[in-house]
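S.K.:
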Amino acid sequence: MSVGDLGHVDDDGFLHIEGRADDMVVVGGENIYPVEVEQVIEDLEGVDEVAVVGVPDDEYGQILVAFVVGSTTEDAIVKACKKELASYKVPKRIEIMGELPRNATGKILKRELIKATPDD
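With the working numbering as the guide, the letters of the sequence shown map in order to residues 1484 to 1603.
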């Protein structure tokens, strides 16, 4: 673990890395780590990859948007998220894409996804 990493030690003494502090999204005053939402969506059949980001919102400060590559449907994603997550962690928007933008080393460019999200 390094500076900026977030995690916890469980009752058995195992360290669990949960993400980075700069990845945290605040939706209506609630702290959300996109990796938690990504894990739920990744477990769905027909999902090849996913990135969840926070985008600015006038009412909530930020909202979650899930960018998904695969053959699953928006309805399936919403249903799974509502079943597994608190209501404030369910993405408000879902974009099905052919591929996610990446840099030369293969890292997903989440800032590009944020910029590409249309304002409502």
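Glycine included, C-beta positions come from ideal geometry on N, C-alpha and C.
(1) Taking the straight line between their C-alpha atoms, what separation do you get for Val1535 and Gly1511?
(2) Looking at C-beta atoms only, is the number of pairs between the stretch 1521 to 1536 and the stretch 1548 to 1559 that lie closer than 8 Å three or more?
(3) Among Ala1549, Tyr1516 and Asp1540, which residue has its Cα nearest to the Cα of Ile1577?
(4) Glu1610 by DSSP, collapsed to three states: which one?
(5) From what residue to what residue does the alpha helix (DSSP H) around Arg1585 run?
(6) Name the residue from Lys1590, Arg1594, Lys1562 and Glu1582 whose alpha carbon lies nearest to the alpha carbon of Asp1531.
M.R.: A quick look at the data gives this:
(1) 17 Å
(2) yes
(3) Ala1549
(4) Outside the shown range of the chain, which is 1484 to 1603, sits residue 1610, and nothing can be said about it.
(5) Taken as a continuous stretch (DSSP letters only), Arg1585 belongs to no alpha helix (DSSP H), as it is neither H nor E.
(6) Glu1582
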